[in-house]
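**Student:** In the working numbering, the protein residues as written are 1491 to 1582.
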Ligand SMILES: [Cu+2]
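1) Quick check on the DSSP output: the beta strand (DSSP E) that includes residue 1517 runs from which residue to which?
2) Under the three-state reduction of DSSP, which class applies to residue 1544: helix, strand or coil?
3) Taking the alpha-carbon positions, what's the residue 1540 to residue 1567 distance?
4) Exposed or buried, what is residue 1578 when buried is set at 16 or more other beta-carbons lying within 10 Å of its beta-carbon?
5) Taking any heavy atom of ligand 1 as the mark, which residues have a C-beta closer than 5 Å to it, listed down the chain?
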């Protein structure tokens, strides 16, 4: 009984939180050809609404983005980098 109750609470607690719903997405980013490209990609992501952090891995050509799922979605992140000239895809 005790175990199932704490399990239930663990499920409900994040939903009860009034704050943001933080989510992390990894994007595969195209067109990053030089060391300055990640800066542009990072800026494009960080100015998107709801994004708190974007980390670019130039070697792996990925962007790891922390965002508020209540304010934005992974599709909007893809749009942000694409509009900056770097088409991306959400990695699964
Ligand atoms: Cu470049």
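Where is the CB? At the ideal position from N, CA and C, for every residue including glycine.
**Tutor:** Result, derived from the coordinates:
1) 1512-1519
2) strand
3) Whole-angstrom Cα-Cα distance: 10 Å.
4) When all chains shown are included, residue 1578 counts as buried.
5) 1524, 1526, 1527
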